[in-house]
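Student:
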Amino acid sequence: MNLGPSEPGRPDPKGKRKRNQRSATPSPRPSKRHANRVQNDDEEAYHQPLQMPELFLGAVQEAHHDEFALVAPAEHESSPVVEDESALTRLGNRSGHRSTKARVTACEEELAKHLNLIHTQDSKLSTQEDLMANHTTSIEGLESRVKSIEEKPSADKGVKTMEESVVELMDRLSSKQEQNHINTRLDAFSKDLAAEKVRGDNCDEAVAKQAKLMKRRLKAQKLHAGQIEELSNRVTELEEKFSGDKDSSDSEDEDDAKATAPLAQEQLVDLTARITQLEKKVKSQNKKRQSSTDKILIRLNALESEYPKLKKATEDRHAALERRVGEQGSQLARQEQLAGSRSNIVPGIRAQIQTLPPRPAQAANNHSYRQGLHHPLQLHPHHPHHPHHPHGPR
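In terms of UniProt numbering, the sequence shown opens at residue 1 and continues consecutively.
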């Protein structure tokens, strides 16, 4: 706001007009120190990641590492894997997990129950349809009787016919109510039937998945059994060859027998070593699988115990964030109210400033003071040039 120069013939001193404008019009923008501090705290709390335990990450990694760790083998297959995996299934049953065969049988039993329920529902539906047909026939008969009564009224039996018609109409109304009740029951039965069909489909899918897993397991066991059979056949062939060479060595020279016998013996030793190595490998794999399943079960139990704590912490965080958001909203509303009130006050202040009388020019006062500096009355009494100085004027 420009109030004009201090004097009509002199320009304003440096920065005087800007200072007057700043003092006349207060800044409508409020202080943002508190709002920025609260906003930074909220952003840090929002972007802070959830502290998940290390057990959860390890469990996820090892669960994807071994896909068929918790699948139990078939009981009728004979292989060196069966003994250790029976211990695995016992451990799974002890810790709360069932074998796949037990799950498949349970699913088949549930499927049979659902099929029996579906058959019973179908029979109930057929009986209800028969009842509906009987009701419709009775309603049609009553309608025909009412029509005949309306067409042939009798003067003598007017009251009786009216009573009979009222009774028939009441019966008809009750039959309609029964029909509506039957319709509602039929709708409920149809909904139950659809739900049972969905459950049966889910059971079929679960059975199919378990069957696929069992087929894969059987293929792996058959492959191991075939390898073991091949090795045993080769061992028997070498033993027969070694025995044949031993029989022929009686007829042939002793030097040839001595030359061929060590080679066959070395081959036999090599094959036995390979067989033992394969058996050790299978046993070590079974031990590794058992240890991995034990670790997974331990980590799952730990995660189950820590899940309520994590849930409670997340709920507390959400509640704190909601409280902070509410506080910030209330603060913003207050700031908006203050800004509106100040914006309403500012025009009145400007009008008051415009109505004020002009102030005397400060520059003229300074100039007059500079002009009268050497006058004796304007000097300080302790000034050396003052006439009343204790030592006299100099």
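Idealized CB from N, CA, C, for every residue including glycine.
Residues in the same chain with beta-carbon distance under 8 angstroms from residue 210, minus the five sequence neighbours each way, listed in chain order, please.
Tutor: Only 100, 103, 104, 107 meet the Cβ criterion.
Student: Going by beta carbon distance, what residues of the same chain come within less than 8 angstroms of residue 114, once the five residues before and after it are set aside?
Tutor: 196, 199, 200, 203
Student: Roughly how far, in whole angstroms, is the beta-carbon of residue 186 from the beta-carbon of residue 121, given that I think they are within contact range, below 8 angstroms?
Tutor: Incorrect: roughly 11 angstroms between the Cβ atoms, too far for contact.
Student: Can you find at least 3 beta carbon pairs, one from the region 125 to 143 and one from the region 172 to 187, that sit closer than 8 angstroms?
Tutor: Result yes; three or more Cβ-Cβ pairs closer than 8 angstroms.
Student: Excluding sequence positions up to five away, which residues of its chain have a Cβ less than 8 angstroms from the Cβ of residue 223?
Tutor: none
Student: Express the C-alpha separation of residue 183 and residue 148 in angstroms, rounding to a whole number.
Tutor: Residue 148 and residue 183: Cα-Cα distance of roughly 30 angstroms.
Student: DSSP on residue 305, reduced to helix/strand/coil?
Tutor: helix
Student: Residues in the same chain with beta-carbon distance under 7 angstroms from residue 60, minus the five sequence neighbours each way, listed in chain order, please.
Tutor: Residue confidence for residue 60 is low, a pLDDT of 44 falling below 50, so the modelled location carries little weight; the figure read from the coordinates is stated next. Once the five neighbours on either side are set aside, residue 60 has no close Cβ partner at all.
Student: Where in the region 100 to 151 do unbroken runs of the alpha helix (DSSP H), each at least 4 residues long, occur, reported from the N-terminal end onward?
Tutor: 100 to 151
Student: Just to confirm before moving on: does the CB-CB distance between residue 299 and residue 231 stay below 8 angstroms?
Tutor: no
Student: Please classify residue 217 as buried or exposed, where buried requires at least 16 neighbouring CB atoms within 10 angstroms.
Tutor: buried
Student: Note down the Cα distance separating residue 284 from residue 212, rounded to an integer number of angstroms.
Tutor: 26 angstroms
Student: Please confirm if residue 109 has its CB atom under 8 angstroms from at least one CB of chain C.
Tutor: The structure shown has no chain C; it contains just one protein chain.
Student: Is it the case that the Cβ atoms of residue 241 and residue 264 are separated by a distance below 8 angstroms?
Tutor: yes
Student: Which same chain residues end up closer than 8 angstroms to residue 111 when comparing Cβ atoms and leaving out the 5 residues on each side of it in sequence?
Tutor: Result list for residue 111: 200, 203, 204, 207, in chain order.
Student: Quick check on residue 355: does DSSP put it in helix, strand or coil?
Tutor: helix
Student: Leaving aside the five residues before and after residue 319 along the sequence, list all residues of the same chain whose C-beta is less than 7 angstroms from its C-beta, in chain order.
Tutor: Once the five neighbours on either side are set aside, residue 319 has no close Cβ partner at all.
Student: Measuring CB to CB, does residue 189 end up less than 8 angstroms from residue 124?
Tutor: yes
Student: Would you mind sorting residue 293 into buried or exposed? The rule is 16 or more other CB atoms within 10 Å of its CB.
Tutor: buried
Student: Residue 116 to residue 191, Cα distance in whole Å?
Tutor: 17 angstroms
Student: Can you give the Cα-Cα distance for residue 239 and residue 226, rounded to whole angstroms?
Tutor: 20 angstroms
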